[in-house]
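Asker: Have a look at the structure that comes next, please.
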Amino acid sequence: MASKIAMYEIHKRARERMGRICRVCSVCDGRVCRGEVPGMGGIGTGASFMRNVDALASVKVNMRTLHGVKEADCSISLFGHSLALPVLGAPVAGVKINFQELIGEYELAHAIVGGCLDAGTIGMTGDGGGPNVYQAGIEALHEFRGRAIPVVKPGPNDQIISKFKAAEDVGAIAVGMDVDAAGFVNMRLLGAEAGPKTEKELKKLISSTSLPVIIKGIMTPDEAKLAAECGAAGIVVSNHGGRVLDHTPGVADVLSEVAKPVKGKLIVFADGGVRRGVDVLKCLAMGADAVLVGRPLTIGAFGGGREGVRCVLNEIQSELETAMILTGCASTRDIGPHTITSI
Ligand SMILES: Cc1cc2nc3c(=O)[nH]c(=O)nc-3n(C[C@H](O)[C@H](O)[C@H](O)COP(=O)(O)O)c2cc1C
1 MASKIAMYEI
11 HKRARERMGR
21 ICRVCSVCDG
31 RVCRGEVPGM
41 GGIGTGASFM
51 RNVDALASVK
61 VNMRTLHGVK
71 EADCSISLFG
81 HSLALPVLGA
91 PVAGVKINFQ
101 ELIGEYELAH
111 AIVGGCLDAG
121 TIGMTGDGGG
131 PNVYQAGIEA
141 LHEFRGRAIP
151 VVKPGPNDQI
161 ISKFKAAEDV
171 GAIAVGMDVD
181 AAGFVNMRLL
191 GAEAGPKTEK
201 ELKKLISSTS
211 LPVIIKGIMT
221 PDEAKLAAEC
231 GAAGIVVSNH
241 GGRVLDHTPG
251 VADVLSEVAK
261 PVKGKLIVFA
271 DGGVRRGVDV
281 LKCLAMGADA
291 VLVGRPLTIG
301 AFGGGREGVR
311 CVLNEIQSEL
321 ETAMILTGCA
331 STRDIGPHTI
341 TSI
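So, in structure tokens, the structure goes:
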């Protein structure tokens, strides 16, 4: 378990190192950094980022303490791997455009993937406007014998296929594509091509690789169904941390209805505003099989490298275990709609 002192030091160091890129607020809710894309914030007014946090906060938890659950097991199984907690590291990349190179691309990917493995889970790596971004992630995967998930941008199809191939070559667990980066301002600023994918294109891309494919950036039930029909192994219910389109609903606003038609058919991930163990509990109660965490792990990486990422995850795990005991859930399978309420 991460001590409060360790977390305090990690945040202090991150604050010093990140400067104006991220103020490392006590609650990371997108208010101070609204409009800071490129950067760590949310696009435009910041409404989509802030709504992620507010929507999760509006979900309330049913406390139950008259039962025999004295310990909680928050492990899950994913793509044949056993994870200590249902939390993965979200892909965070593009250090040149987002972080003014205050951290290296490989350094960030290495810290996230390594810290996730140290905490008993899996990290994802990202992609960006230039070829070096995805490549840095692949190098981190190489270092850790493929035990991570690289996520490609929805660029030209031939490029996606060769990026999937690079992931296969390094022995990745799965691959992903953040389809919500279709009109992303960062890609436009870098002159990189990225656009929506038709059903036909998606089917072709998914069948081009032997790896399970995760489609990241699904916010409606119809697109969840479409991803399943096209052969996706997972979806991430996500608005890209509120970074691509202003005024979307928060992920917790839509998670239950998006998860419903595909639950059990593919793995449902969710991300956006997940900060504490109780947020993980809420997302699982709304139908997610696991969640991704973005900014808090990035802050961990800035403040303490691989060890900083591990500390953040350990803290979330410990909070989740407490939340599970206080809601009478002995295992993640016991978490369901009855665990939460909306008032
Ligand atoms: C600086 C930054 C860079 C990101 N880069 C990527 C990326 O390369 N690929 C991707 O799929 N998502 C990327 N994301 C989005 C995250 O994977 C994730 O969806 C989002 O951060 C989740 O919200 P949270 O930060 O509130 O946890 C990035 C997010 C941030 C803040």
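Sequence positions in the sequence shown follow this note's numbering and run 1 to 343. Virtual Cβ for every residue (Gly too), placed ideally from N, Cα, C. As the structure is a computational prediction, the values presented were derived from the model and not from experiment.
(1) Got a sec: is the Cβ-Cβ distance from residue 117 to anything in chain C below 7 Å?
(2) Looking at C-beta atoms only, is the number of pairs between the segment 221-241 and the segment 249-262 that lie closer than 8 Å three or more?
(3) Check whether the segment 302-313 and the segment 40-53 touch, using three or more Cβ-Cβ pairs below 8 Å as the test.
(4) With a 10 Å radius around its C-beta and 16 neighbouring C-beta atoms as the bar for buried, classify residue 63 as buried or exposed.
(5) Out of 214, 315, 281, state which residue places its alpha-carbon closest to the alpha-carbon of residue 5.
(6) Measure the C-alpha to C-alpha separation of residue 84 and residue 120 and round it to an integer number of angstroms.
(7) May I ask which residues mark the beginning and end of the alpha helix (DSSP H) holding residue 269?
(8) Could you check how far apart the C-beta atoms of residue 87 and residue 180 are, in whole angstroms? I think they sit under 8 Å.
(9) Quick one: using the 10 Å Cβ neighbour count with 16 as the cut-off for buried, is residue 253 buried or exposed?
(10) Can you list the alpha helix (DSSP H) stretches of 4 or more residues lying completely in the segment 6-89, in chain order?
(11) Here's the rule I'm using: 16 or more other beta-carbon atoms within 10 Å means buried, otherwise exposed. How should residue 68 be labelled?
(12) Pull up the distance between the alpha-carbon of residue 276 and that of residue 292, whole angstroms please.
(13) Using 8 Å for Cβ pairs, my map puts residue 167 next to residue 211. What's the rounded Cβ distance?
(14) As an exercise, report each continuous alpha helix (DSSP H) stretch of at least 4 residues that is fully enclosed by the segment 210-240, in chain order.
(15) Compute the Euclidean distance between the alpha carbons of residue 21 and residue 99, then round it to the nearest angstrom.
(16) Can you look up residue 331 in the DSSP assignment and give me helix, strand or coil?
(17) Would you identify the three-state DSSP class for residue 92, choosing helix, strand or coil?
(18) Using only alpha-carbon positions, find the residue among 187, 331, 290 that is nearest to residue 255.
(19) Please name the residue, chosen from 182, 189, 208, 97, that lies closest to residue 196 on a Cα-to-Cα basis.
(20) DSSP has residue 292 in a bridge; who is on the other side?
Answerer: Reading from the atomic positions:
(1) Going by chain labels, chain C is absent from the structure shown, which holds only one protein chain.
(2) yes
(3) no
(4) exposed
(5) 315
(6) 5 Å
(7) Here residue 269 belongs to no alpha helix (DSSP H); instead the beta strand (DSSP E) covers 267-271.
(8) Going by Cβ atoms, the distance from residue 87 to residue 180 rounds to 20 Å, so no, they are not a contact pair.
(9) buried
(10) 47-58
(11) exposed
(12) 12 Å
(13) 6 Å
(14) 221-229
(15) 6 Å
(16) strand
(17) coil
(18) 290
(19) 182
(20) 88, 271
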